[in-house]
Every structure is written in C-alpha cells, then in structure tokens.
Amino acid sequence: MNIQRLSETYSVGGQISEQDFATLAQAGYTQVICNRPDSEVEAHFHAKQMRVLAEANGLDFAYNPIAHTGMTIKNIESQRALLSQASGPVFAYCRSGRRSTMCWSFAMAGQVPTDIILSATANAGYRFEGLRDQLEAMAG
Numbered sequence: 302m303n304i305q306r307l308s309e310t311y312s313v314g315g316q317i318s319e320q321d322f323a324t325l326a327q328a329g330y331t332q333v334i335c336n337r338p339d340s341e342v343e344a345h346f347h348a349k350q351m352r353v354l355a356e357a358n359g360l361d362f363a364y365n366p367i368a369h370t371g372m373t374i375k376n377i378e379s380q381r382a383l384l385s386q387a388s389g390p391v392f393a394y395c396r397s398g399r400r401s402t403m404c405w406s407f408a409m410a411g412q413v414p415t416d417i418i419l420s421a422t423a424n425a426g427y428r429f430e431g432l433r434d435q436l437e438a439m440a441g
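Here this note's numbering = 1-based position in the sequence shown + 301.
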C-alpha cells in the first residue's frame, strides 16, 4: 500500500485490499474514505464489503464516489464534512489517489492557503498548479 500524506490529518492512496485495513488502524488512522465508485471495481472491492473490513478493524468508513467524468460540488462538500467530523487522521483512496487528492484540495480551499495546498499535493506527487485559479475561486 502506498500512502501519500497531504497534511497531519489526511493521506491518500490507491485501491486498498483486505490486509491494508489493519495496517491503517495500526498507523493511527481513524477513518477511511472510499472515493472510488463501485462501478470501477470487482464486487469484493465494493464499498459495502470495504465498510465491513474497515469496521472490523475499528475504523470508520465513508463512501463518497468520484467518477472519472468529474467531481461535483456535492463530492467536495461531502469530503469537507467528513474531514471536519473525523475523530482523527483520515485515509482516502481511489484508483491512484489522484481524485482523493483533488477532492481534498477543493475541500480545503478557503480553509488552507492555496500555496500550501499546491505544495502538499506536489510533495505527494500530484501536480495541480493548473488548478490554482479554480482553487482560489472556490476559496472565495
């Protein structure tokens, strides 16, 4: 499992498997957010099954699917709400971590300076400088 830390309370990665939930719990994560739609994965990776695995390892689980065709305001608002309600560090995943990173970026717009968002994403290997104008517009 590849974990990319964007902040003290939020990390991302690609698709996780059954054994990764124990690793995440041992690493101190308290919540897992699945940003990968069920339509992209085999049945054993569907959110319902992943929720059971997360909860068996003492982790909260949330499903906020982001389609390849685009992220919605609802996705951003849901991610922001999940982060604000989390009792500790959050791990979010999709296929590669890119959508989870982008959603975090927009969810943090207005709460974290754009330069810090873009630095965090770049340090994790996601170059989103082209989103600067959209992030600043989202920040208000």
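Glycine is no exception: its CB is placed at the ideal position from the N, C-alpha and C atoms. The model shown is predicted, which means the values in this text are computed figures rather than measured ones.
Check: With a Cβ-Cβ cutoff of 8 Å, do LEU436 and ILE418 count as a contact?
Finding: Residue numbering aside, residue 436 sits at position 135 when the sequence shown is read from its first letter. Residue numbering aside, residue 418 sits at position 117 when the sequence shown is read from its first letter. Contact flag set, yes.
Notebook entry, point to check: Just to confirm, are ILE304 and PHE429 a CB contact at a threshold of 8 Å?
Noted result: In the sequence shown, counting from the first residue as 1, residue 304 sits at position 3. In the sequence shown, counting from the first residue as 1, residue 429 sits at position 128. Note that the C-beta distance between ILE304 and PHE429 is not below 8 Å.
Next item on the list: Return the Cβ separation of VAL333 and PHE362 in integer angstroms, given the expectation that the two are a contact with Cβ distance under 8 Å.
Entry: Reading the sequence shown from its first residue, position 32 is the one you call residue 333. Reading the sequence shown from its first residue, position 61 is the one you call residue 362. PHE362 and VAL333 do touch by the CB rule: their CB atoms are close to 5 Å apart, below 8 Å.
Notebook entry, point to check: Alpha carbon to alpha carbon, what distance is there between PHE346 and TRP405?
Noted result: Residue numbering aside, residue 405 sits at position 104 when the sequence shown is read from its first letter. Residue numbering aside, residue 346 sits at position 45 when the sequence shown is read from its first letter. Rounded to whole angstroms, TRP405 to PHE346 spans 22 Å at the Cα level.
Item checked: Cα-Cα separation, ALA421 to ASP321 -> For this step, residue 421 is matched to residue 120 along the sequence shown. For this step, residue 321 is matched to residue 20 along the sequence shown. ALA421 and ASP321: Cα-Cα distance of roughly 24 Å.
Margin query: Taking the straight line between their C-alpha atoms, what separation do you get for ALA323 and GLN350?
Written below: Position 22 of the sequence shown holds residue 323. Position 49 of the sequence shown holds residue 350. So the alpha carbons of these two residues sit roughly 15 Å apart.
Next item on the list: Tell me, please, whether the stretch 374-387 touches the stretch 312-319 by the rule of three or more beta-carbon pairs shorter than 8 Å.
Entry: Cβ pair count under 8 Å is below three, so no.
Check: Roughly how many angstroms lie between the CA atoms of ALA328 and ARG396, to the nearest whole one?
Finding: For the purposes of this step, residue 328 is identified with residue 27 of the sequence shown, where counting begins at 1. For the purposes of this step, residue 396 is identified with residue 95 of the sequence shown, where counting begins at 1. Using only the alpha carbons, I get a separation of about 21 Å.
Next item on the list: Would you please state the rounded distance, in angstroms, between the beta carbons of THR402 and TYR427? I believe it to be under 8 Å.
Entry: Your numbering for residue 402 matches position 101 in the sequence shown. Your numbering for residue 427 matches position 126 in the sequence shown. That belief holds up - the Cβ atoms of THR402 and TYR427 are roughly 5 Å apart, short of 8 Å.
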